[in-house]
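Undergrad: Line order of the protein sequences matches chains A and B. Remember, this note's numbering sits 1093 above the position in the first sequence when you count from 1. Remember, this note's numbering sits 1093 above the position in the second sequence when you count from 1. My questions all concern the structure below.
2 protein chains.
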Amino acid sequence: MRADATDMPEFSPRQNAVLEQALRLLVEGGEKALTTSGLARAANCSKESLYKWFGDREGLLAAMIAHQASKVRTFERSGERLTADLLRDHLELFARDLLEVLAGDVSLALNRLAIGQATREGSKLGKLLLEHGRRQIDRRAMALIDQGKRAGLLRFDNADAAYHTLYGLIVSDLHVRMLLGEPGLKDNARQAERAVAAFLMLHGTQKQSADALGVSAGR
Amino acid sequence: MRADATDMPEFSPRQNAVLEQALRLLVEGGEKALTTSGLARAANCSKESLYKWFGDREGLLAAMIAHQASKVRTFERSGERLTADLLRDHLELFARDLLEVLAGDVSLALNRLAIGQATREGSKLGKLLLEHGRRQIDRRAMALIDQGKRAGLLRFDNADAAYHTLYGLIVSDLHVRMLLGEPGLKDNARQAERAVAAFLMLHGTQKQSADALGVSAGR
DNA sequence: CCTTCTGCGTACCGTACGGTACGGTTCTGC
DNA sequence: GCAGAACCGTACCGTACGGTACGCAGAAGG
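Structure follows, in structure tokens:
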């Protein structure tokens, strides 16, 4: 995705390899394991090069976020005509992808890092993480529900509010719990189904069965 | 884990004052501002006393969590008969309280601290925070929706799942965003209204108007 | 008045970090 | 083949942390 190519430094292969090692250290040992000396040792490079490439520690962290974001691409297939079933499928696929991304080791580690740095006044890393990591997935979902509305399958006034509803139904407090160290869900797919069913019940134009919501017997 | 009252060390007034200073430092400057020397200076006590009272740094952090949790008590008023309006009011009150708690400076700072410490293997602090900080509010909500079901006002199979739905509708990704340093909502009450309206639409037994959901014109 | 205990203030220790400097080695362009 | 850049490995510096030790002041109690 070339878009917003402006603030993407595009690191060299060598630098990307170093960033990969940095992510590995971070995932395996948390922030305290990510030291300049440790990274230089793990990546077989010199500390001097680290400072030459990334400026200082914060620059390194920012580069790690950019590097990770550059690996996550979301495909925008917006061609086909939407049917109710197709919309549901796409929403569920989005929900599963979202849950999978949020539960990923690297995502959790980077979020922990940025949150640990943040204060009341805000956080440079936090902003970076939200912009780089979130924009893609937000765009994908917004495009999808917008398309659903244009196809007459969804109804809402505020697309942003509807998206936040969908997000909340999918994720609930799971993200924070995982950030705090709790294990993830056993079955992401089931959670995705239930969330999308609820979302369609709230914002769908066609009558929805409540079965998947767990409001009727048998499960 | 045994009874809840047992593992509450009940610190002395002096110690509570020190913990209060510790929370202040943490809120104002993040984890890096909470050093033993800094705390001793701010609280006019000696480092030796800190180690005598709390053992080590992790003990201090745990004590801070316990201290903060001991300040937040939720009242359980479960007497009265529920009507649909009353249930809605109580749910909205819960939603507003939840949003207010999550947006609190101390809550955010403690969550940032615990998340920053956490790794893949889990976190002692994270467990503590979830147990001490969350149990109260979880219980209150569970009691409420359980009561709603017994009164025939709500329907669901799995109370836990229903509660998570409610939680997700109320909070969405707001908690993580605030943890990352973004400002909170402008109007918690409005968010509470919309979340409860959606929840009642999903799990209420009486027909709900969709007005508050933003699916009809005019707002 | 004397003793004992608690706790404050300070000095101290070992360690480990972020960041810099330098000698030696490989790679690149001409 | 050579000059210069890029880079590695290591040593080094200042700092600040967690944790410990010690001297001294009050308060409690007899």
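The beta-carbon is built from N, C-alpha and C at its ideal position, and this holds for glycine as well. From a predicted model like this one, the values you see are computed outputs, not experimental measurements.
1) Do you know offhand how far Glu1185(B)'s Cα is from Ile1230(B)'s?
2) Count the other CB atoms within 10 Å of the CB of Gly1209(B); is the residue buried (16 or more) or exposed (fewer)?
3) By the 9 Å beta-carbon criterion, what residues does the segment 1215 to 1246 of chain B contribute toward chain A?
4) Express the C-alpha separation of Glu1214(B) and Asp1266(B) in angstroms, rounding to a whole number.
5) Thr1176(A) CB to nearest chain B CB: under 9 Å?
6) Any beta carbon of chain B sitting closer than 9 Å to that of Met1151(A)?
7) Cβ of Gly1277(B) less than 9 Å from any chain A Cβ?
8) Take every Cβ of the segment 1175 to 1193 of chain A, pair it with every Cβ of the segment 1284 to 1293 of chain A, and state whether three or more of those distances are shorter than 8 Å.
9) Please classify Gly1172(B) as buried or exposed, where buried requires at least 16 neighbouring CB atoms within 10 angstroms.
10) Any beta carbon of chain A sitting closer than 9 Å to that of Asn1281(B)?
11) Using a Cβ cut-off of 9 Å, pull out every chain B residue sitting near Asp1198(A), in sequence order please.
12) From the DSSP secondary-structure annotation, give me the bridge partner or partners of Thr1212(B).
13) Exposed or buried, Ser1139(B), counting other C-beta atoms within 10 Å across all chains shown (16 or more means buried)?
14) What residues from chain B crowd round Arg1205(A), counting only those whose CB sits closer than 7 Å?
15) By DSSP's criteria, Gly1297(B) is part of a beta bridge. Which residues make up the other side?
16) According to DSSP, is Asn1137(A) part of a helix, a strand, or is it coil?
17) Chain B beta carbons: is any one of them nearer than 9 Å to that of Glu1124(A)?
18) Give the straight-line distance between the Cα atoms of Arg1270(A) and Glu1113(B), rounded to the nearest whole angstrom.
19) Distance cutoff 9 Å, beta carbons only. Does Thr1258(B) sit that close to anything in chain A?
20) For chain A, check one thing: does any of its Cβ atoms lie closer than 9 Å to the Cβ of Glu1185(B)?
21) Using three-state DSSP, classify Phe1292(A) as helix, strand or coil.
22) Can you pull the chain A neighbours of Met1294(B), defined as C-beta to C-beta under 9 Å?
23) So with CB distances below 7 Å, who are the chain A contacts of Arg1181(B)?
24) Whose C-beta lies closer than 7 Å to the C-beta of Gln1161(A) among residues of the same chain, with five residues either side of it excluded?
25) Roughly how many whole angstroms lie between the Cα atoms of Ala1177(A) and Ala1196(B)?
26) If Leu1201(A) and Ala1155(A) are in contact, beta carbons under 8 Å, what's the gap, nearest whole angstrom?
27) Arg1270(B) touches chain A at which residues, Cβ-Cβ below 8 Å?
28) Quick check on this structure: which residue in Leu1143(B), Leu1179(B), His1296(B) and Phe1168(B) has the alpha carbon closest to the alpha carbon of Ala1252(B)?
29) Counting only Cβ pairs nearer than 9 Å, list the residues of chain B close to Asp1266(A).
30) Where does Gly1261(A) land, buried or exposed, given buried means 16+ other C-beta within 10 angstroms?
31) For Ala1254(B) and chain A, any beta-carbon pair shorter than 9 Å?
TA: Looking at the atomic coordinates:
1) As the crow flies, the alpha-carbon of Glu1185(B) is around 14 Å from that of Ile1230(B).
2) By the 16-neighbour rule on beta-carbons within 10 angstroms, Gly1209(B) is buried.
3) The residues in question are Gly1215, Ser1216, Lys1217, Leu1218, Gly1219, Lys1220, Leu1222, Leu1223 and Arg1227.
4) Their backbone Cα atoms lie some 24 Å apart in a straight line.
5) It does not; no Cβ of chain B falls within 9 Å.
6) Checking the displayed sequence, the identity of residue 1151(A) turns out to be Glu instead of Met. Contacts with chain B at 9 Å (Cβ-Cβ) do not include Glu1151(A).
7) Taking Cβ atoms only, chain A never reaches closer than 9 Å to Gly1277(B), which makes this a no.
8) These segments touch.
9) Gly1172(B) comes out exposed.
10) Output row for Asn1281(B): interface = no.
11) The contacting residues are Arg1213.
12) Beta-bridge pairing links Thr1212(B) to Gly1215(B).
13) Exposed is the call here.
14) Against chain B, a Cβ distance below 7 Å from Arg1205(A) picks out Ile1208, Gly1209 and Ala1211.
15) DSSP lists Leu1247(B) as partners of Gly1297(B).
16) DSSP, read as helix, strand or coil, puts Asn1137(A) in coil.
17) By this cut-off, Glu1124(A) is an interface position.
18) Each residue's Cα considered, the two are about 26 Å apart.
19) Cβ-Cβ to chain A under 9 Å: yes for Thr1258(B).
20) Closer than 9 Å to the CB of Glu1185(B) there is not a single CB belonging to chain A.
21) Residue state, collapsed to three classes: helix.
22) Ordered by position in chain A, the residues that pass the 9 Å Cβ test against Met1294(B) are Met1294 and Leu1295.
23) Per Cβ cutoff of 7 Å: no residues; Arg1181(B) is ~16 Å from chain A at best.
24) The beta carbon of Gln1161(A) sits closer than 7 Å to those of Leu1116, Val1199 and Leu1203, all from its chain and outside the five residues before and after it, given in chain order.
25) Rounded to whole angstroms, Ala1177(A) to Ala1196(B) spans 38 Å at the Cα level.
26) Ala1155(A) and Leu1201(A) do not touch by the CB rule: their CB atoms are close to 18 Å apart, not below 8 Å.
27) Correct list: Leu1223.
28) Distances from the alpha-carbon of Ala1252(B) to those of Leu1143(B), Leu1179(B), His1296(B) and Phe1168(B) put His1296(B) closest.
29) Around Asp1266(A), the beta-carbon contacts reaching into chain B at under 9 Å are Arg1227, His1257, Tyr1260, Gly1261, Val1264 and His1268.
30) Label assigned to Gly1261(A): buried.
31) Yes, Ala1254(B) lies at the interface with chain A (some Cβ there is under 9 Å from its Cβ).
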